[in-house]
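Numbering (the numbering used here), first residue to last: 26 to 243.
Below, the structure is given as structure tokens:
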């Protein structure tokens, strides 16, 4: 797990609850936030630097803020990620000019694509970036069906991601494969609308559902 923020800790806790071992990675080996998480997460939880977490994991989650994701990946030896599924949960939100944030990359490129180019030996899958941390791992907190989007160049990697999502309780009928990693542009560009919806609704506990036209019978 790369990143000690709310998203990293929330996903990490959910994984340990499902019996996985998780190393929470940060810039320093003795990160206090990571240490507190290890103490609360219990068996299967550990901490280390970003490179330690990447080396430890069979599947690696990038939960770092999007504006630093590439610099974080630059601290990790390429062989630590070679062949591994790298689930990119980050968003390219740039708060340097205040709120609401701008997108640091959009339309012709995406952070997911940049991460794949920076880590060519990894199998990057964009996922879980369009909703808040609690819903990522507990979709049943919302009544009814709601949707999630994934994108990546490797079909086997996406299938591994779907397996993890099913453990979290996602109905796989509602996990939509958008195609290759270039399709990460859409979910990332949804974030400005997500932020506006959060303000309008007064809560981050929401998601979207795609309603399809029912084909005529017969």
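We put the CB at the ideal spot given by N, CA and C, even for glycine.
Asked: As a quick exercise: from 225, 141, 163, pick the residue whose alpha carbon is nearest that of residue 209.; Found: 141
Asked: Which residues in the same chain have their Cβ closer than 7 Å to the Cβ of residue 98, if we skip the five residues on either side of it in sequence?; Found: 140, 143, 144
Asked: Would you be able to state if there are at least three C-beta pairs under 8 Å between the stretch 172-185 and the stretch 202-221?; Found: yes
Asked: Could you check where the alpha helix (DSSP H) with residue 183 kicks off and where it finishes?; Found: 180-193
Asked: With a threshold of 16 other CB atoms inside 10 Å of the CB of residue 133, please say whether the residue is buried or exposed.; Found: exposed
Asked: Please look up how many angstroms separate the CB atoms of residue 158 and residue 35, rounded, as I've assumed it's under 8 Å.; Found: 4 Å
Asked: Residues in the same chain with beta-carbon distance under 7 Å from residue 186, minus the five sequence neighbours each way, listed in chain order, please.; Found: 110, 112, 150, 152, 175
Asked: In whole angstroms, what is the alpha-carbon distance linking residue 155 and residue 137?; Found: 13 Å
Asked: Answer with buried or exposed for residue 79, where buried requires no fewer than 16 other C-beta atoms within 10 angstroms of its C-beta.; Found: buried
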